[in-house]
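Each remark here refers to the structure printed beneath this line.
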Amino acid sequence: MPHLEWSDALALDLPVMDDTHREFVDLLACVESADDASLLAQWAALIDHTDDHFWREDQWMQTTGFSSSNCHSVQHKVVLQVMREGLARGQAGATDVVRQMALELGRWFPQHAQAMDAALALHLRGVGFDPATGVVNMPQLLPREVIHGCGGSSCSDLQRTPEPAAEAA
């Protein structure tokens, strides 16, 4: 089974986030290589890590005006819910479901990291946020209004109103 490996493509130039992501990749590899006897314990460890990982990122978003109701945080909630459902299914004997979920997480994570987490890391660096201390070193650069969507123009909550001249044309 192909598995996700840490690479420079996943690095976001935010050491605390990169360390957490590296740990996620390592724990996912442990799940993928687990025998049936240790599979659910490895999956539970991955869930615990992911719960803390996502909670921390959600806190950073709240602290810096990157709305906790955005699609990034929603994706965190959905992924954790699915992982927990996988644990319940595995405990009921469907360990094949857990193995398939691990494979899917390996496909999902690079996209999440390279899009949503990259946008968050860029935002955090832009306001001088120190993830280790929670201090915003350049508070004057915090957004005046909470950023909605994922922070990118392609998934913003804002609806663009056409220019009057464009309507007449």
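Offset between the sequence shown (1-based) and the numbering used here: plus 1008. We treat Cβ as the ideally placed atom computed from N, Cα and C, and that holds for glycine.
Contact between the stretch 1046 to 1059 and the stretch 1094 to 1107 is present: 3 or more CB-CB pairs across the two stretches fall below 8 Å. With contacts defined by Cβ atoms closer than 8 Å, residue 1062 and residue 1095 do not form a contacting pair.
Residue pairing for residue 1137: DSSP places it in a beta bridge opposite 1144. Here residue 1086 is exposed, its C-beta having fewer than 16 other C-beta atoms within 10 Å. As the crow flies, the alpha-carbon of residue 1034 is around 37 Å from that of residue 1148. Membership of residue 1124 in any alpha helix (DSSP H) is not indicated, and neither H nor E is assigned to it by DSSP.
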